[in-house]
DNA sequence: CCATCTTTGTGCACGCGTTCACAAAGACAT
DNA sequence: ATGTCTTTGTGAACGCGTGCACAAAGATGG
Ligand SMILES: NC(=O)c1ccc[n+]([C@@H]2O[C@H](COP(=O)([O-])OP(=O)(O)OC[C@H]3O[C@@H](n4cnc5c(N)ncnc54)[C@H](O)[C@@H]3O)[C@@H](O)[C@H]2O)c1
Ligand SMILES: NC(=O)c1ccc[n+]([C@@H]2O[C@H](COP(=O)([O-])OP(=O)(O)OC[C@H]3O[C@@H](n4cnc5c(N)ncnc54)[C@H](O)[C@@H]3O)[C@@H](O)[C@H]2O)c1
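Chains as they are written, first to last, in this note's numbering: chain A, 1 to 198; chain B, 1 to 198.
Right under this line is the structure:
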């Protein structure tokens with residue numbers, strides 16, 4: 001039986017082995033003292049706890065540059081996500097195949113969500129349409145939204161929203177970049193704090 | 001002079017006002033007791049500290065579905081980022097205009113990075129090419145990388161990498177989704193922990 | 001069956017970020 | 001000027017996640 005110790009896993013992940021064991025302990029006692037963890041069983045338990053053993057249908061709304069790129073992304077299917085439908089308001093797009101799926105009109109949203117029991121929606125529309133699309137998704141029964149539009153969405157309690165914003169990612173990089181440059185070239189005026197958390 | 005209090009800002013941001021004041025204090029004492037913060041001056045100081053007052057040239061490598069979508073993203077320029085060049089290995093793409101910029105061949109990478117003092121690179125190539133592209137970017141002088149390819153990149157010390165992974169965003173949503181569903185339908189067998197950190 | 005050896009599971013202590021609470025600062029009115 | 005009132009800036013307490021350290025579990029060999 002192939003096994004792995006918390007020490008090996010911790011080294012591979014670059015974390016402390018005690019933290020790893022404590023995290024695993026929240027899922028139950030799946031290890032064998034003196035031996036380690038049964039790899040296959042551990043993978044299954046973690047997958048189950050993370051929700052990877054079930055199939056999650058998702059809809060993508062807004063099949064423009066970004067929406068099409070997302071639809072083509074293979075990492076989707078390989079992690080248990082199935083694209084139930086691609087939706088767009090543009091009637092000229094309707095029926096066109098993107099990543100092997102036909103683009104359907106936004107007015108089919110309610111039917112598609114209900115028929116496929118979709119609980120996760122991806123928004124790749126322009127910012128101006130994002131709130132309206134969100135409201136329709138929520139009304140149709142979607143309770144998790146991944147938002148790529150640069151807007152803050154308001155949703156009722158019980159609905160989760162995650163926002164992906166390229167600008168913020170770049171700003172974080174730029175911030176560290178500035179600090180790297182500043183280390184050997186301190187600001188001449190004293191308005192920069194002497195100490196600041198990293 | 002338009003001002004704002006830490007209490008107002010905290011309410012708007014949904015955080016504790018003391019935390020907000022302490023955070024601001026790391027940038028210096030820009031507030032006036034009994035009044036609040038001068039909005040314009042505060043915005044400038046925060047912008048400067050975050051590196052938003054300077055112009056950051058970036059290169060995007062891999063102008064496929066995703067790379068083109070990123071190049072078209074307007075949020076780039078509005079936050080002080082300037083796309084210095086679009087690079088791709090496909091010679092058929094060379095010269096084609098994407099978002100108003102010509103696609104240039106990957107072999108121009110070193111020259112472009114040096115000429116424009118590019119310190120930030122965005123990788124949107126297939127996973128198989130990402131490490132090779134990274135190595136060339138780093139060798140050319142890039143010290144911050146935003147990676148969209150589903151691979152872990154290895155870089156020397158001093159180089160920052162941020163990874164954007166749609167699958168993980170969806171997995172986080174799916175995890176919470178599963179917990180929502182599980183609240184009213186507890187698992188019959190006892191292998192689910194009674195308590196677990198949110 | 002007992003001894004030994006490895007590795008888990010976890011109590012406890014430490015450190016850091018968050019929050020409380022208040023003295024000091026400064027605006028503004030009288 | 002002096003007093004009052006608002007809001008900052010920060011010392012101190014609190015809470016939580018991380019890491020240490022070790023007893024208990026269980027495999028393995030004699
Ligand atoms: N978060 C990021 O990093 C990032 C990166 C790039 C783009 N974006 C954002 O993603 C969104 C899409 O970008 P894009 O480049 O694909 O834009 P796009 O214009 O190419 O595509 C938008 C699509 O949405 C459709 N649409 C418009 N209104 C709609 C509605 N009410 N219902 C359904 N569909 C509708 C349009 O027909 C179009 O096909 C934009 O908001 C953009 O700012 C975000
Ligand atoms: N992180 C995410 O959420 C997410 C989403 C979608 C796609 N992706 C990933 O982004 C990457 C790009 O996706 P895509 O759909 O645009 O793929 P794509 O195939 O449309 O584009 C890839 C581009 O990279 C170019 N390329 C290949 N090798 C290169 C090299 N050595 N140097 C320079 N350019 C090279 C190709 O010519 C092509 O134009 C993939 O790795 C994909 O898995 C990530």
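No residue lacks a Cβ here, since even glycine has one placed at the ideal position from N, Cα and C.
Because the structure is a prediction, the values reported are computed rather than measured.
- Message: Once the 5 residues before and after residue 189 (chain A) are set aside, which same chain residues still bring their CB inside 7 angstroms of it?
- Response: Within the first chain, residue 189 (chain A) is the residue found at index 189, counting from 1. Because residue 189 (chain A) carries a pLDDT of 39, less than 50, the predicted location of this residue cannot be relied on, and the following value inherits that uncertainty. The beta carbon of residue 189 (chain A) sits closer than 7 angstroms to none of the beta carbons in its chain outside the five residues before and after it.
- Extent of the continuous alpha helix (DSSP H) run through residue 203 (chain A): Given that chain A is displayed from residue 1 to residue 198, the structure contains no residue 203 (chain A) and the question cannot be resolved.
- Cβ-based contacts, 8 angstroms cut-off: residues of the stretch 150-178 of chain B near chain A: For the stretch 150-178 of chain B, which is checked against every Cβ of chain A, the residues closer than 8 angstroms are 150, 158, 160, 162, 164, 165, 166, 167, 169, 170, 171, 172, 173, 174, 175, 176, 177, 178.
- With 16 as the cutoff for other CB atoms within 10 Å, does residue 187 (chain B) come out buried or exposed? Start at 1 with the first residue of the second chain, and residue 187 (chain B) comes out as number 187. In this predicted model, residue 187 (chain B) has a pLDDT of only 42, less than 50, meaning its place in the structure is not dependable enough to derive any value.
- Can you give me the Cβ contacts of residue 49 (chain B) inside the same chain, cut-off strictly under 7 angstroms, excluding the 5 residues immediately before and after it? Numbered from its first residue, the second chain carries residue 49 (chain B) at position 49. 27.
- Task: Would you tell me roughly how many angstroms separate the C-alpha atoms of residue 36 (chain A) and residue 169 (chain A), rounded to the nearest one?
- Result: For this step, residue 36 (chain A) is matched to residue 36 along the first chain. For this step, residue 169 (chain A) is matched to residue 169 along the first chain. Taking the straight line joining both Cα atoms gives about 38 angstroms.
- Quick one, which residues of the stretch 11-38 of chain B are near chain A if we go by CB-CB under 8 angstroms, in chain order? Hits within the stretch, in order: 26, 27, 28.
- Query: For residue 81 (chain B), which of helix, strand or coil comes out of DSSP?
  - Reply: Counted from its first residue, the second chain places residue 81 (chain B) at position 81. Strand, per DSSP.
- Examine ligand 2 and report whether any of its heavy atoms sits within less than 7 angstroms of the Cβ of residue 73 (chain A). Position 73 of the first chain, counted from the first residue, corresponds to residue 73 (chain A). In this structure, ligand 2 has a non-hydrogen atom nearer than 7 angstroms to the beta-carbon of residue 73 (chain A).
- If we ignore side chains and look at the alpha-carbon of each, how far apart do residue 90 (chain B) and residue 123 (chain B) end up? For the purposes of this step, residue 90 (chain B) is taken as the residue at position 90 of the second chain. For the purposes of this step, residue 123 (chain B) is taken as the residue at position 123 of the second chain. Rounded to whole angstroms, the separation of the alpha carbons of residue 123 (chain B) and residue 90 (chain B) is 15 angstroms.
- Between the CA atoms of residue 159 (chain B) and residue 198 (chain A) - distance to the nearest angstrom: Residue numbering aside, residue 198 (chain A) sits at position 198 when the first chain is read from its first letter. Residue numbering aside, residue 159 (chain B) sits at position 159 when the second chain is read from its first letter. Bear in mind that a pLDDT of 45 at residue 198 (chain A), under 50, signals an unreliable position, so the model cannot answer this.
- Task: Below 6 angstroms CB to CB, which residues in the same chain sit around residue 146 (chain B) once its five sequence neighbours on both sides are set aside?
- Result: Translated into positions along the second chain, residue 146 (chain B) becomes position 146. When the five nearest sequence neighbours on each side are left out, the beta carbons in the same chain lying within less than 6 angstroms of the beta carbon of residue 146 (chain B) are those of 122, 162, in order along the chain.
- Message: By DSSP's criteria, residue 61 (chain B) is part of a beta bridge. Which residues make up the other side?
- Response: Taking the first residue of the second chain as 1, we reach residue 61 (chain B) at position 61. B:87, B:123.
- Do we get a CB-CB distance below 8 angstroms when we pair residue 72 (chain A) with the residues of chain B? Start at 1 with the first residue of the first chain, and residue 72 (chain A) comes out as number 72. With 8 angstroms as the cut-off, residue 72 (chain A) counts as an interface residue toward chain B.
- Query: Under the criterion of a Cβ to heavy atom distance below 7 angstroms, does residue 132 (chain A) qualify as lining ligand 4?
  - Reply: This structure simply doesn't include ligand 4; it includes ligand 1 and ligand 2 instead.
- Item | Min CB distance residue 79 (chain B) to chain A below 8 angstroms | In the second chain, counting from the first residue as 1, residue 79 (chain B) sits at position 79. Cβ-Cβ to chain A under 8 angstroms: yes for residue 79 (chain B).
- What residues in the stretch 118-140 of chain A bring their beta carbon closer than 7 angstroms to a beta carbon of chain B? Answer set for the stretch 118-140 of chain A: 119, 120.
- Task: Per DSSP, which residues does residue 136 (chain A) bridge with? Please list them.
- Result: Looking up residue 136 (chain A) in the first chain gives position 136. DSSP, once it has assigned bridges, lists no residue as partnering residue 136 (chain A).
- Message: Does the structure place the stretch 136-156 of chain A close enough to the stretch 135-150 of chain B that three or more beta carbon pairs sit under 8 angstroms?
- Response: By the C-beta criterion, the stretch 135-150 of chain B is judged not to be in contact with the stretch 136-156 of chain A, since fewer than 3 inter-stretch pairs fall below 8 angstroms.
- Closer than 8 angstroms, CB to CB, is residue 111 (chain B) near chain A or not? By 1-based counting over the second chain, the position of residue 111 (chain B) is 111. So no, residue 111 (chain B) is outside the interface.
- Can you list, in chain order, the residues of its chain whose CB lies under 8 angstroms from that of residue 127 (chain B), leaving out five sequence neighbours each side? If you number the second chain from 1, residue 127 (chain B) lands on position 127. Within the same chain, 149, 150, 151 come within 8 angstroms of residue 127 (chain B) by CB-CB distance, once the 5 residues on both sides are set aside.
- Which two residues bound the contiguous alpha helix (DSSP H) that contains residue 112 (chain B)? Residue mapping note: residue 112 (chain B) aligns to position 112 of the second chain, counting from 1. From DSSP, the alpha helix (DSSP H) with residue 112 (chain B) extends over 109-116.
- Query: Near residue 56 (chain A), which residues of its chain fall below 8 angstroms by C-beta distance, leaving aside the five closest residues on each side in sequence?
  - Reply: Translated into the one-based positions of the first chain, residue 56 (chain A) becomes position 56. Cβ within range, chain order: 80, 81, 82, 119, 120.
- Backbone secondary structure at residue 74 (chain A) - three-state DSSP: Reading the first chain from its first residue, position 74 is the one you call residue 74 (chain A). Here residue 74 (chain A) carries a coil assignment [DSSP, helix/strand/coil].
- Query: What residue from B:22, B:7, B:54, B:59 has the CA that sits closest to residue 136 (chain B)'s CA?
  - Reply: Here residue 136 (chain B) refers to the residue found at position 136 of the second chain. Restricting attention to B:22, B:7, B:54, B:59, the CA atom closest to the CA of residue 136 (chain B) is found in B:59.
- Which partner residues does residue 38 (chain B) have in the DSSP bridge list? Position 38 of the second chain holds residue 38 (chain B). Residue 38 (chain B) pairs with B:3.
- Query: If we call anything under 8 angstroms between Cβ atoms a contact, is residue 65 (chain A) one with residue 69 (chain B)?
  - Reply: For the purposes of this step, residue 65 (chain A) is identified with residue 65 of the first chain, where counting begins at 1. For the purposes of this step, residue 69 (chain B) is identified with residue 69 of the second chain, where counting begins at 1. It is a contact, given that the beta carbons lie within the stated cut-off.
- Query: Of all Cβ atoms in chain A, is any one closer than 8 angstroms to the Cβ of residue 93 (chain B)?
  - Reply: Position 93 of the second chain, counting from 1, holds the residue named residue 93 (chain B). It does not; no Cβ of chain A falls within 8 angstroms.
- For residue 146 (chain B), decide whether its Cβ has a neighbour in chain A, counting only Cβ atoms nearer than 8 angstroms. Taking the second chain and counting its residues from 1, the one referred to as residue 146 (chain B) is at position 146. It does; some Cβ of chain A falls within 8 angstroms.
- Message: Taking the straight line between their C-alpha atoms, what separation do you get for residue 164 (chain B) and residue 17 (chain B)?
- Response: Here residue 164 (chain B) is taken as the residue at index 164 of the second chain, counted from 1. Here residue 17 (chain B) is taken as the residue at index 17 of the second chain, counted from 1. Computed Cα separation, rounded: 31 angstroms.
- Message: 8 angstroms is my cut-off, CB to CB: does residue 50 (chain B) come that close to chain A?
- Response: Within the second chain, the letter at position 50 stands for residue 50 (chain B). With 8 angstroms as the cut-off, residue 50 (chain B) counts as an interface residue toward chain A.
- Task: Examine chain B for any beta-carbon lying closer than 8 angstroms to the beta-carbon of residue 116 (chain A), and answer yes or no.
- Result: Within the first chain, numbered from 1, the residue matching residue 116 (chain A) stands at position 116. No, residue 116 (chain A) lies away from the interface with chain B (no Cβ there is under 8 angstroms from its Cβ).
- Item | Spatial distance of residue 114 (chain B) from residue 88 (chain B) (CA atoms) | Translated into the one-based positions of the second chain, residue 114 (chain B) becomes position 114. Translated into the one-based positions of the second chain, residue 88 (chain B) becomes position 88. Roughly 18 angstroms between the two C-alpha positions.
- Message: Measuring only from the beta carbon, is residue 62 (chain B) closer than 7 angstroms to any heavy atom that is part of ligand 2?
- Response: Position 62 of the second chain, counted from the start, is the residue given in the question as residue 62 (chain B). Residue 62 (chain B) Cβ: within cutoff of ligand 2.
- Item | Check: residue 148 (chain A) C-beta below 7 angstroms from any heavy atom of ligand 1 | If you number the first chain from 1, residue 148 (chain A) lands on position 148. Indeed, a heavy atom of ligand 1 lies less than 7 angstroms from the Cβ.
- Query: Under 8 angstroms between the Cβ atoms of residue 77 (chain A) and residue 112 (chain A)?
  - Reply: Locating residue 77 (chain A) in the first chain gives position 77, where the first residue counts as 1. Locating residue 112 (chain A) in the first chain gives position 112, where the first residue counts as 1. When the beta-carbon positions are compared, residue 77 (chain A) and residue 112 (chain A) stay at least 8 angstroms from each other.
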